[in-house]
Amino acid sequence: RAKKNNQNYLFYSTEMNRSSLEKIKLEAELHHALNLNQFELYFQPQVDFPSKKIMGAEALIRWQHPLKGMISPANFIPFAEETGLIVAIGSWVLNEAISQIAEWKKAGLSLDRLAVNLSVMQFNPQLPEEIAALLTHHKIPAELVELELTESLLMGNGQSNVLNQLHSNGFSLALDDFGTGYSNLAYLQNYPIDYLKIDQSFVQSLPDNLHSAAIVRSIIDIANNLGLKLIAEGVENQSQAEYLSNLGCNLIQGYYYYRPMSAADFTQLLITQQSE
Ligand code: C2E
Ligand code: CA
Ligand code: CA
Ligand code: CA
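Take the sequence shown: its letters are residues 6 to 281, numbered as in the working numbering.
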């Protein structure tokens, strides 16, 4: 018995050491990635259906790893949140997104809204000032920036004060992945939300899946009743877009129109749209 416990202990301890070593390594690599400028923002257009007009875009981070190639945010953002590194990475994202808006503006290209994802950990009392300084520096109005947040149990009083302040500073706020998190409806009552993003898990099984269709209709009802705007994400085909549009959700983000693309490609797209 003693031996068995001992073996178990060794087994777990080896596993633990291995995984904590890996974590230390990944954390160092993420620090490194920030310092060496290995992150990059991609942009996914948000398109009006059926006119195809680009109404806005969402900024999505990518990690261009020198050996492993492009790493998806799904593979490092949760870890960055666990370690707190998301605060530094999130500041990089905000700076990059706002300077990109300024670049487009300088080039005479218009984009009405760029959405930036924020982790709840970034909602510290300094955040409104931090963003305000970036906007002043780049001479960009807050109205061009949308902040996307996901529902989370962690949102406390301090964070909701930050949210209210950001909203009164002119940013629009979008609730991401709507319908998948906690306390949806309380959020809508307590926070100054402008947009609901219908989660792709519901959109992708439209129009045939009756449950998804019922959930999507309910979300659209809630948005209409509360005067919120809607964005559907994960739209991959025409019948999904039509189904949503028939229910009154005309703002579409998904592979059906565009995948996320580099700044250079998105710039080209804005040029093309503007000259049409
Ligand atoms: P998200 O905010 O829900 O972003 C939407 C994700 O859906 C993106 O994945 C996008 O590429 C993908 N997507 C868009 N249209 C379609 C479609 O038609 N079909 C399918 N299958 N997928 C579609 P991505 O870029 O891999 O990002 C994954 C998640 O990583 C994001 O989910 C977001 O939670 C997080 N993330 C990305 N960038 C940032 C960032 O700058 N800061 C923070 N905190 N999180 C970020
Ligand atoms: Ca750049
Ligand atoms: Ca998002
Ligand atoms: Ca989402």
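Cβ coordinates follow ideal geometry from the N, Cα and C atoms, glycine included.
- In the DSSP assignment, isoleucine 227 falls within the unbroken alpha helix (DSSP H) covering 215 to 231.
- Here serine 267 carries a coil assignment [DSSP, helix/strand/coil].
- DSSP, reduced to helix, strand and coil, places isoleucine 82 within a helical segment of the structure shown.
- For leucine 211, the distance from the CB to the nearest heavy atom of ligand 1 is not below 7 Å.
- When the five nearest sequence neighbours on each side are left out, the beta carbons in the same chain lying within less than 7 Å of the beta carbon of glutamate 101 are those of Leu46, in order along the chain.
- Residues of the same chain with a CB within less than 8 Å of the CB of isoleucine 106, apart from the 5 flanking positions on each side, are Leu116, Leu119, His143, Ile145, Leu149, Val150 in chain order.
- Looking at the DSSP output, threonine 155 sits in a beta bridge with Asp181.
- For glycine 186, the secondary structure class from DSSP, reduced to helix, strand or coil, is coil.
- Straight through space, the alpha carbons of glutamine 127 and isoleucine 91 are spaced by roughly 7 Å.
- With 16 or more other Cβ atoms from the protein chains shown falling within 10 Å of its own Cβ, glycine 95 counts as buried.
- Residue side-chain check: aspartate 181 places its Cβ nearer than 7 Å to a non-hydrogen atom of ligand 1.
- Isoleucine 220 and phenylalanine 207 have their alpha carbons spaced roughly 7 Å apart.
- In the assembly as shown, serine 124 is a buried residue. Its beta-carbon has 16 or more other beta-carbons within 10 Å.
- In the structure shown, the three-state DSSP call for glycine 95 is helix.
- Burial of serine 177 is indicated by the presence of at least 16 other C-beta atoms within 10 angstroms of its C-beta.
- For valine 208, DSSP records no beta bridge to any residue.
- Here valine 125 carries a helix assignment [DSSP, helix/strand/coil].
- Taking C-beta atoms as the reference points, leucine 201 and alanine 218 fail to come closer than 8 Å.
- When rounded, the separation of the alpha-carbon atoms in leucine 35 and alanine 179 is 27 Å.
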